[in-house]
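For the sequence shown, position 17 matches number 16 in numbering that gives the first Met the number 0, and the numbering has no gaps at all.
Beta carbons: idealized from backbone N, C-alpha and C, even for Gly.
The model shown is predicted, which means the values in this text are computed figures rather than measured ones.
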Amino acid sequence: MIAITDGRPTMTPRTRAGCASPRALFNLLSLCDPGVIAYSIGIAWAAQDELEYIATDPDKEHSFFVDEFDNLYKFVPG
(Lines of atoms letter the chains of each structure in order from A and count residues from 1; the text may use other names and numbers.)
(Lines give C-alpha, C1' and ligand atoms only; values in the text may rest on other atoms or scores of the structure.)
Protein backbone atom coordinates (compact mmCIF):
# COMPACT_ATOMS: atom_id res chain seq x y z
CA MET A 1 0.00 0.00 0.00
CA ILE A 2 1.24 3.49 -0.79
CA ALA A 3 -0.20 6.44 1.12
CA ILE A 4 0.51 9.95 -0.15
CA THR A 5 -0.42 12.85 2.08
CA ASP A 6 0.15 16.59 2.04
CA GLY A 7 -0.74 17.51 5.59
CA ARG A 8 -2.10 16.58 8.98
CA PRO A 9 -5.34 14.64 9.14
CA THR A 10 -8.49 16.70 9.42
CA MET A 11 -11.82 15.35 10.50
CA THR A 12 -14.80 17.24 9.20
CA PRO A 13 -18.31 15.84 8.74
CA ARG A 14 -17.51 15.38 5.05
CA THR A 15 -14.28 13.41 5.59
CA ARG A 16 -15.87 11.29 8.32
CA ALA A 17 -18.70 10.31 6.01
CA GLY A 18 -16.85 9.95 2.73
CA CYS A 19 -13.42 8.45 3.26
CA ALA A 20 -11.09 6.78 5.69
CA SER A 21 -7.87 8.24 7.03
CA PRO A 22 -4.55 6.68 5.98
CA ARG A 23 -4.20 5.33 9.53
CA ALA A 24 -7.59 3.64 9.34
CA LEU A 25 -6.78 2.13 5.93
CA PHE A 26 -3.46 0.82 7.19
CA ASN A 27 -5.09 -0.73 10.27
CA LEU A 28 -7.78 -2.37 8.14
CA LEU A 29 -5.32 -3.76 5.60
CA SER A 30 -3.03 -5.04 8.33
CA LEU A 31 -5.89 -6.97 9.90
CA CYS A 32 -6.94 -8.46 6.56
CA ASP A 33 -3.43 -9.33 5.39
CA PRO A 34 -0.48 -9.10 7.77
CA GLY A 35 1.84 -9.30 4.73
CA VAL A 36 0.85 -5.82 3.55
CA ILE A 37 3.83 -3.48 3.27
CA ALA A 38 2.86 0.14 3.76
CA TYR A 39 4.87 2.99 2.28
CA SER A 40 4.10 6.60 3.14
CA ILE A 41 5.10 9.67 1.17
CA GLY A 42 4.68 13.09 2.68
CA ILE A 43 4.46 16.23 0.60
CA ALA A 44 5.05 19.81 1.74
CA TRP A 45 3.40 20.11 5.18
CA ALA A 46 3.01 16.41 5.98
CA ALA A 47 3.67 15.40 9.58
CA GLN A 48 6.64 13.07 10.05
CA ASP A 49 4.97 11.26 12.95
CA GLU A 50 1.97 10.43 10.73
CA LEU A 51 4.25 9.15 7.96
CA GLU A 52 6.06 6.90 10.40
CA TYR A 53 2.81 5.62 11.91
CA ILE A 54 1.49 4.60 8.48
CA ALA A 55 4.75 3.06 7.26
CA THR A 56 5.69 -0.55 7.90
CA ASP A 57 8.66 -0.97 10.26
CA PRO A 58 11.42 0.01 9.90
CA ASP A 59 9.89 3.44 9.34
CA LYS A 60 13.00 4.97 7.80
CA GLU A 61 12.91 2.45 4.94
CA HIS A 62 9.21 2.87 4.23
CA SER A 63 8.49 6.58 4.74
CA PHE A 64 9.64 9.41 2.48
CA PHE A 65 9.21 13.14 2.13
CA VAL A 66 9.26 15.51 -0.84
CA ASP A 67 8.82 19.26 -0.84
CA GLU A 68 6.24 19.34 -3.65
CA PHE A 69 4.12 17.02 -5.80
CA ASP A 70 6.34 17.61 -8.83
CA ASN A 71 9.16 15.76 -7.07
CA LEU A 72 7.32 12.45 -6.67
CA TYR A 73 9.17 11.13 -9.73
CA LYS A 74 12.26 10.75 -7.51
CA PHE A 75 10.72 7.62 -5.99
CA VAL A 76 9.92 5.89 -9.28
CA PRO A 77 12.68 3.56 -10.48
CA GLY A 78 14.09 4.71 -13.81
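- [ ] Check whether the Cβ atoms of V65 and I36 sit closer than 8 Å, and answer yes or no.
- [x] no
Open item on the list: Please list the terminal residues of the continuous beta strand (DSSP E) segment that includes I3.
Closed with: 1-4
Task: Start and end residues, alpha helix (DSSP H) containing I42 - done: Note, I42: premise wrong, no alpha helix (DSSP H); beta strand (DSSP E) at 38-42.
Open item on the list: Looking at the strands, I want to know which residues DSSP matches up with V35.
Closed with: DSSP, once it has assigned bridges, lists no residue as partnering V35.
TODO: Can you give me the Cβ contacts of I1 inside the same chain, cut-off strictly under 6 Å, excluding the 5 residues immediately before and after it?
DONE: Y38
Open item on the list: Cutting at 7 Å between CB atoms, please list the residues of its own chain near A54, excluding the five before and the five after it.
Closed with: A37, Y38, S39, H61, S62
- [ ] Counting only the same chain and skipping the five closest in sequence on each side, list residues whose C-beta sits under 7 Å from that of F68.
- [x] I42
- [ ] Return the first residue and the last residue of the beta strand (DSSP E) that F74 is part of.
- [x] No beta strand (DSSP E) holds F74; DSSP gives it neither H nor E.
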